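Here's the structure we're looking at; comments come further down.
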Amino acid sequence: MLDNIAEIFDYTLIHATIRSSTPILFAALAAIITQQADILNIGVEGIMLSGAFVAVAVSFYTGSWLFAVIAAILVGVIISAIIGIAHLKYKADVFAVGTIINMLALALTRFFLNSILGVSGSFYSKEIVAIPKVNIPFIENSEFLNSIFNNYSLFEIVGIIMVFVLWYVLYKTVWGLRIRSVGLNSMAAETAGLNVFKNKFRVILISGVFGGIAGAHLSLGYSNLFVENMTNGRGFMGVAAMFFGGANPIFAWIGSLIFGLADSVGSRLQAYGLPSQFILMIPYVATIAILAISMASKIKRDKKMKSTIKS
């Protein structure tokens, strides 16, 4: 029993957790930047799925992972622009728009999988060029260091860097202050001379960039194929990680790592004959737990703030 636990929770779990958490992390970053402007973008799931399909299709036809990532980003930005125009210009409910985007993405990727790539269910080919992996040559001889620090896809490293870049931009720059001001009180921000529409539209477009990268990494970095509905709720997990972190990139990264850990442990438990239903349930139980923790923390903060105001 103890040997089995040791096999599940050995040091290679660190690498597996980081790999599993990266698509969720990019989805969380996409949700964070809009949430800072008081826009809950649940359309991240659909953006991510669309990006995953486009990345595989472009990589297959062009033989370039870079073109594939750029195409996924462009698709993410276009979808985000639709969300932004519908919500900001035509005053459509952003939750409803996001839900429609998610449903359309699922249907259209299934349709184009058949019409463009000529298959149904999934698509794999040796001609799909994956996002390259990064290795540090001088630690390859150490099994421990090599297992933890090597063999990462490029965007698994970029994702960690972007956590700190986005944190700095949001909390240490004038632009970040403007975005947070718009999110806290749009009327006051407009009175102060800020263009609320422009600032909110910009963050929605940037959210599309992160969502497109999330999808491209999922299909070309984390795996090297496309499967119908392959996001499997990862976009929603990213939103949950955003709530867990209070729209702070660093704390949201921790939430993403928790999801990655749950997914990695679940994958390893399959080897011990546990029911597949139980394995598939683990990430969603983690989602509920993370949301419960974040809600409890928010209630506690609100109570503390009210007591401070009264005193």
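Numbered according to our numbering, the sequence shown spans residues 176 to 486. For glycine and all other residues, C-beta sits at the position ideal for the given N, C-alpha and C. Nothing here was measured: the structure is a model prediction, and the numbers come from that model.
The beta-bridge partner set that DSSP reports for Tyr327 consists of Val309. A distance below 7 Å between beta-carbons, with the five flanking residues on each side excluded, links Phe376 to the following residues of its chain, in chain order: Gly259, Leu263. Contact between the stretch 399 to 417 and the stretch 240 to 248 is absent, with fewer than three C-beta pairs closer than 8 Å. Inclusion of Gly386 and Ala227 in the CB contact set at 7 Å is not warranted, their separation being larger than that value. Counting only runs of 4 or more residues that sit fully inside the stretch 233 to 301, the alpha helix (DSSP H) segments are 240 to 259, 269 to 290, in chain order.
For Pro450, there is no enclosing alpha helix (DSSP H), as DSSP marks it with neither H nor E. Ranked by Cα distance from Leu466, the first of Gly334, Ala416, Ile429, Gln211 is Ala416.
No Cβ-Cβ contact shorter than 7 Å links Val440 with Ala212.
With fewer than 16 other beta carbons inside 10 angstroms of its own, Asp185 counts as exposed. One alpha carbon belongs to Tyr343, the other to Arg355, and they sit about 13 Å apart.
Checking the DSSP bridge columns, you'll see Phe401 partnered with Phe298. Secondary structure remark: continuous alpha helix (DSSP H) runs of at least 4 residues inside the stretch 335 to 361, in chain order: 349 to 359. When Cβ pairs closer than 8 Å are counted between the two stretches, the stretch 420 to 439 is seen not to touch the stretch 216 to 225, the count staying below three. Secondary structure at Tyr459: helix, using DSSP grouped into helix, strand and coil. Ranked by Cα distance from Ser195, the options Leu393, Leu345, Val231 are led by Leu393.
By the C-beta density criterion, Phe401 is buried, having at least 16 other C-beta atoms within 10 angstroms.
Rounded to the nearest whole angstrom, the CA to CA distance from Lys347 to Phe298 is 44 Å.
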